[in-house]
Structures are given as structure tokens and as C-alpha cells.
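See below for the structure under consideration.
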Amino acid sequence: MFIALVDEGLRVLQSPAVLRASPGETATLSCSFENTQDSKAKATWTRAPGVVLDSAHPFYSGRLYVSNQDLLWKGEAMLTLSALEQRDSGLYRCHISIHRGESGTGAGTELRVTRRNQSDTGAPEGRELCRDSGPLFYRAVISLSLVVLVSLGIILSLRPWNGVPVDPAVGAGSEPPPAPGQVCLI
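To convert, take the position in the sequence shown, counting from 1, and add 233; that gives the numbering used here.
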């Protein structure tokens, strides 16, 4: 999907509108424009709120690559950001200035770097589902253990007791007190 924003006369199309990626991956954003007179063009990429991206900045050093002049002659500009981090998430906009004075800015690409890769539907892909099922596994084990303990308690309470009778006044497992008129020898 391309989104266009007409600014100061030059129409700049930017794609994709939303890009999802995982940490460590590489993202490529692109924009296109009409360079009808094959003039020299300059692409400037910004990240909201209007911060100009600079490959010399320590945060982007060795991770940020912008298209060369050959691609700009053709009316295209690309931004590639590698070794993505969650803090790379944000709105990236492409601003094009053409030597003959025209300029324009794309509507932007929303980069969403999340800890797990998700499709456009938001559903986890492949083995990522296994990574998040850990807590579910532990809940299942605990629930099964509780069912076994409750079942064991019910079975033991229904089983007849063949040992010494229990008298609540005397205590469990002890001899009953002597009957009236009976002598107890210790």
C-alpha cells in the first residue's frame, strides 16, 4: 500500500504504511516521486517528531543505510535499518528535495518492532507460538496436579479403614479408654 502526501508541489509516495519486524531483523522503507526532468534530488529521512536520521549518530552507526544518487535519479529513495531494536519503532517519513526547487514529504511508514514477529493479522508465526506457551504449560501442570490431589483425597476418604478405631475424645490411633468397671493395667 502506498500513501501519498502532497507537500509544496512534489507528490511523494511512501510504502509500506505499516511495517512489522522483530528485534535483530532488517527493515527497508521506500518512497517514490516523479523526477520528470532527471534533476539531482536529495532524500532526507525523519523520524517523528521531525528528527533527521543521520548514519553518523551513535545510535544508528553501522545500522542505517540510505539510497545512493543513482536510485534518486530514477525517482526512488530507500532507507534500510538493520539490527532493529524495539526503540526503533516509530513513524519514518521521506522528504525529497529536487534541484529545480520542488520538494515533498511522504505520509510516513509506521515501523513496529515487537519482541515476536507477527503477520498483518497479528497472529504469531511458526515457532514463536512455542516461545509464549511456557506459562500455559506450567498452568496445565499445576491444574493436573490439583486434580490428582483432589482425586486422591476423595479415594482415601471413601476407602474403609481397617486399623484401630478413631475416637475423637481420645485421639487418632490410640487405644480406647477402659469401660466403666474395667481395670486398666499399664
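Glycine included, C-beta positions come from ideal geometry on N, C-alpha and C.
Quick caveat: nothing in here was measured; it's all calculated off a predicted structure.
Of the listed residues the options, nearest to residue i (C-alpha basis)
{"i": "Ala-250", "options": "Gly-257, Gly-337 and Leu-262", "result": "Leu-262"}
{"i": "Cys-264", "options": "Leu-252, Gln-247, Thr-342 and Ser-378", "result": "Gln-247"}
{"i": "Gly-341", "options": "Gly-386, Thr-277 and Val-381", "result": "Thr-277"}
{"i": "Gly-334", "options": "Thr-259, Ala-274 and Val-285", "result": "Ala-274"}
{"i": "Val-285", "options": "Leu-379, Tyr-325 and Gln-302", "result": "Tyr-325"}
{"i": "Ser-255", "options": "Ser-376, Gln-319, Gly-386 and Val-416", "result": "Gln-319"}
{"i": "Arg-348", "options": "Asp-321, Ala-373, Arg-372 and Val-374", "result": "Asp-321"}
{"i": "Gly-295", "options": "Asp-303, Pro-282, Thr-259 and Gln-302", "result": "Thr-259"}
DSSP three-state assignment for residue i, whether helix, strand or coil
{"i": "Ser-248", "result": "strand"}
{"i": "Ser-390", "result": "helix"}
{"i": "Leu-382", "result": "helix"}
{"i": "Gln-415", "result": "coil"}
{"i": "Arg-320", "result": "helix"}
{"i": "Arg-372", "result": "helix"}
{"i": "Ala-356", "result": "In this prediction, Ala-356 scores a pLDDT of 47, lower than 50, which makes its location untrustworthy; no coordinate-derived value is stated."}
Residues of its chain near residue i, where Cβ-Cβ distance is below 8 Å and the 5 sequence neighbours each way are ignored
{"i": "Gly-257", "result": "Ala-316 and Leu-317"}
{"i": "Arg-244", "result": "Ala-237, Phe-266, Glu-267 and Gly-337"}
{"i": "Ser-376", "result": "none"}
Bridge partners - residue i, DSSP secondary structure assignment
{"i": "His-290", "result": "Paired residue(s): none; His-290 is not in a bridge."}
{"i": "Lys-275", "result": "Ser-330"}
{"i": "Glu-309", "result": "Ser-265"}
{"i": "Gly-337", "result": "Ile-329"}
{"i": "Ala-254", "result": "Val-346"}
{"i": "Leu-297", "result": "Leu-314"}
{"i": "Ala-260", "result": "Leu-314"}
Beta-carbon spacing of residue i, residue j below 8 Å
{"i": "Ile-329", "j": "Ser-272", "result": "no"}
{"i": "Arg-345", "j": "Arg-280", "result": "no"}
{"i": "Cys-327", "j": "Gly-308", "result": "no"}
{"i": "Ser-300", "j": "Ala-289", "result": "no"}
Residues near residue i by beta carbon distance below 6 Å, same chain, minus five either side
{"i": "Thr-313", "result": "Thr-261 and Tyr-298"}
{"i": "Glu-343", "result": "Val-251 and Leu-324"}
{"i": "Leu-362", "result": "Low local confidence applies: a pLDDT of 46 at Leu-362 is under 50, so the model's placement there is unreliable, with the coordinate-based value given in what follows. There are no such residues."}
Close Cβ partners of residue i (< 7 Å) along its chain, the five nearest in sequence each way excluded
{"i": "Leu-305", "result": "Ala-274 and Ala-276"}
{"i": "Asp-287", "result": "Tyr-293"}
{"i": "Ser-378", "result": "none"}
Residue-level contact to chain C via CB, residue i, 8 Å cutoff
{"i": "Glu-258", "result": "No chain C appears in the structure shown, which is made up of a single protein chain."}
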